[in-house]
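A.B. asks: Residue numbers (our numbering): 21 to 415.
(1) So, are the CB atoms of residue 359 and residue 325 less than 7 Å apart?
(2) Quick one: residues in its chain with C-beta nearer than 6 Å to the C-beta of residue 68, no 5 flanking neighbours on either side, listed in chain order?
(3) In the DSSP assignment, what are the bridge partners of residue 257?
(4) Buried or exposed: which applies to residue 13, given that a residue is buried once 16 or more other Cβ atoms fall within 10 Å of its Cβ?
(5) One question on the structure: do residue 173 and residue 86 come within less than 7 Å of each other, judged by their Cβ atoms?
(6) So, are the CB atoms of residue 233 and residue 169 less than 7 Å apart?
(7) Use the C-beta contact count for residue 405: other C-beta atoms within 10 angstroms, 16 or more gives buried, fewer gives exposed.
(8) Would the beta-carbon of residue 179 fall within 7 Å of that of residue 223?
(9) So, for residue 88: in the same chain, excluding its five sequence neighbours on each side, which residues have a beta-carbon less than 6 Å away from its beta-carbon?
(10) I'd like the ranges of any alpha helix (DSSP H) spanning at least 4 consecutive residues and lying wholly in the segment 194-257.
(11) Do the segment 307-321 and the segment 176-193 meet, that is, are 3 or more Cβ pairs less than 8 Å apart?
(12) Whole angstroms is fine: what's the gap from residue 372's alpha carbon to residue 147's?
(13) If you measure between the beta carbons of residue 369 and residue 150, is that distance less than 7 Å?
(14) Please name the residue in 157, 132, 127, 120 whose C-alpha comes closest to that of residue 140.
(15) On the criterion of 16 or more Cβ atoms from any shown chain inside 10 Å, does residue 132 qualify as buried, or is it exposed?
(16) Once DSSP output is grouped into helix, strand and coil, what is the label at residue 359?
(17) Comparing C-alpha positions only, which one of 118, 75, 340, 74 sits nearest to residue 81?
(18) Mapping the DSSP letters down to three states, classify residue 184 as helix, strand or coil.
(19) Which runs of the alpha helix (DSSP H), 4 residues or longer, sit entirely within the segment 59-97?
(20) Alpha carbon to alpha carbon, what distance is there between residue 315 and residue 407?
(21) Between the alpha carbons of residue 381 and residue 83, how many angstroms are there, rounded?
(22) Please report how far the alpha carbon of residue 247 lies from the alpha carbon of residue 241, in whole angstroms.
(23) What does the alpha-carbon distance come out to for the pair residue 215 and residue 62?
(24) Can you pull the DSSP bridge partners for residue 121?
(25) When DSSP labels each residue in this structure, what does residue 267 get in the three-state scheme?
(26) Tell me where the alpha helix (DSSP H) around residue 340 begins and ends.
(27) Using the rule of at least 16 other Cβ atoms within 10 Å of the residue's Cβ for burial, across every protein chain shown, is residue 393 buried or exposed?
(28) Could you round the C-beta distance between residue 113 and residue 136 to whole angstroms and report it? I think they count as a contact, below 8 Å.
(29) For residue 327 and residue 181, I'd like the C-alpha separation in whole angstroms.
(30) Ignore the nearest five residues each way along the sequence and tell me which others in residue 202's own chain have a CB closer than 7 Å to its CB.
(31) Please report how far the alpha carbon of residue 261 lies from the alpha carbon of residue 273, in whole angstroms.
(32) So if DSSP puts residue 299 in a beta bridge, which residue, or which two residues, is it bridged to?
(33) Of the choices 270, 401, 322, 252, whose alpha-carbon is the least far from that of residue 300?
(34) Relative to the C-alpha of residue 59, which residue among 391, 399, 413 is closest?
(35) Could you check the C-alpha separation between residue 19 and residue 269 for me, to the nearest Å?
(36) Measuring alpha carbon to alpha carbon, tell me which of 399, 153, 90 ends up nearest residue 337.
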C-alpha cells in the first residue's frame, strides 16, 4: 500500500478553463461576463414592476425588448416580442428605428442580434454574466486546433462546418471563413443536407446531441457514421482513420439543462401518467429522443401544444420556465402539461436576467447612460454574418 504520509504533493497545474470557472482568470471572448457597473435595485423592492414600466414608457420607441422563451415570467412581461434565439435576432433586425435593443437572453444571442442589426443600434444585455455553458464548450483556439487535426488527417478539404446558433460569434466567424453555415434546432436537417452537397463530411459545433439526432433520426445516417471530437484529448481522441471514415464529426458539447433528461425520466412519467405524450427538444441525448413520442424546437413545442386536443397529457423535456408557462397557459383548455424530470431544473445563466437587472438597464438607458453594450468586432462580424446569411439562403 502506498505510504500517504511520505507521498510528495502532486504538481498539478490548473487549466485556463478551470481557473476561469473558479473566477481566477478572465477570458474576453468567453460567454462568462463581468460585474455590472452601478448599483442594482434590491430584488425585494416592491416597486420594481412599476419602475420597469415607467422607464420603458419613458424610452418609448427608442427601446425594443426581446424575451427568450426560457426567461422568467417577471422579465417576459416586459418583452415586446418573445421567441427562440434566432427569431429574436431577426425581430431585432426588423426594427431599425429602435435605438436600443435590450436582449433578455444570453450572451451569444445578443452577439447575433448585434451582427444582424445596424451600427446605429446598441444591443444591451442586462447582465453580462448571462452566458451559455454549451457555447463555452467550444473556444476559438480549440476549434482552430481541431481544424489542424483534420488537416493533418488529410480530410479538412472534405469537411464543411455547421455550427448551431448556440455558439459564440468567434465560432460563427470560423464557420463562415471555412465555407459553412449556421443552423437552428428547427432547420438543422436542411443545413446538414446543404452541407453534404458541399462536401463529404460535416464538423458539427458545439452540441453533439443536436448533430447526432439530426443525422441519425432525421437523415438516416447510422451511429457508426458519427465520431465524437473531444477538445480536451490529443487529436480530439480520434485516429486519422476514424476521421477518414466518419461522415459526422461531432463536437463534445451539450446543453446542461437538456442533458439532464434520461430514459428513466421517460419511463417514470409514462408509469405515472398513462397515455402521456412525451415531447422533447433535440438537444436531449439520442436515447431520450428515441424514447420520446415527439421531438422539436421550442417553437415546435409551443405549436404542438397549441394544436393538442383538450384533455391530452404532455411531458415536456425542455427548460422549466417555458414548461411552467405553457402549463399555466393551457390549463383552462384541460391540457395537462408536466416537466419531464422530477428534479426542478432552470437554465441558471438564463435566470441571471432578473427584474432588478432589467430595471437597472431600462432606468440607465432612460437617463441617457448606455450600459452593458454587446459589440462584435468588424472582422468577426463579417464572417459570422456570412455564415448566418448562408443559413438564411437555405431552401
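Quick reminder that beta carbons are idealized off the backbone N, C-alpha and C, glycines included. None of the values given here were measured: they were computed from a predicted structure.
C.D. replies: Quick look at the numbers:
(1) Between residue 359 and residue 325, the C-beta gap is not smaller than 7 Å, which leaves the two residues out of contact.
(2) So the list reads 375, 379, once near-sequence residues are dropped.
(3) The partner list for residue 257 (beta bridge, DSSP) is empty, contrary to what the question assumes.
(4) No statement about residue 13 is possible, as the shown extent of the chain runs from 21 to 415 and does not include it.
(5) Between residue 173 and residue 86, the C-beta gap is not smaller than 7 Å, which leaves the two residues out of contact.
(6) Contact flag unset, no.
(7) Buried is the call here.
(8) The answer is yes: Cβ separation under 7 Å.
(9) Once the five neighbours on either side are set aside, the close Cβ partners of residue 88 are 125.
(10) Within the segment 194-257, the complete alpha helix (DSSP H) runs of at least 4 residues are 208-218, 228-233.
(11) Pairwise C-beta distances place the segment 307-321 out of contact with the segment 176-193, as fewer than three of them are shorter than 8 Å.
(12) Distance between the alpha carbons of residue 372 and residue 147 is about 7 Å.
(13) With contacts defined by Cβ atoms closer than 7 Å, residue 369 and residue 150 form a contacting pair.
(14) When each option's Cα is compared against that of residue 140, the closest is 120.
(15) Burial is judged here by how many other beta carbons sit within 10 angstroms of a residue's own beta carbon; residue 132 has at least 16 and is buried.
(16) Residue state, collapsed to three classes: strand.
(17) Considering only 118, 75, 340, 74, the residue with the shortest C-alpha distance to residue 81 is 118.
(18) In this structure, residue 184 counts as strand in the three-state DSSP scheme.
(19) If only uninterrupted alpha helix (DSSP H) runs of at least 4 residues are considered, those enclosed by the segment 59-97 are 68-79, 93-96.
(20) Rounded to the nearest whole angstrom, the CA to CA distance from residue 407 to residue 315 is 26 Å.
(21) If I take the Cα positions, the gap works out to 11 Å.
(22) Cα-Cα distance, rounded: 12 Å.
(23) Between residue 215 and residue 62, the C-alpha separation is close to 49 Å.
(24) Note: residue 121 sits in a beta bridge opposite 84, 143.
(25) DSSP places residue 267 in the coil class of the three-state scheme, outside both helix and strand.
(26) Run containing residue 340: 340-350, per the alpha helix (DSSP H) assignment.
(27) Taking every protein chain shown into account, the CB of residue 393 has fewer than 16 other CB atoms within 10 angstroms, so this residue is exposed.
(28) The Cβ separation is near 4 Å, so the contact holds.
(29) Taken atom to atom, the span from the alpha-carbon of residue 327 to that of residue 181 is near 35 Å.
(30) Closer than 7 Å at Cβ, skipping near neighbours: 183, 185, 192, 195, 407, 408, 411.
(31) When the Cα atoms are used, residue 261 and residue 273 turn out to be separated by approximately 22 Å.
(32) Assignment of beta-bridge partners to residue 299 by DSSP yields 314, 336.
(33) Comparing C-alpha distances from residue 300 to each of 270, 401, 322, 252 shows the shortest one belongs to 322.
(34) Among 391, 399, 413, the Cα nearest to that of residue 59 is on 391.
(35) Coverage of the chain is limited to positions 21 through 415, which leaves residue 19 absent and any answer about it impossible.
(36) Each of 399, 153, 90 was checked against the Cα of residue 337, and the nearest Cα belongs to 90.
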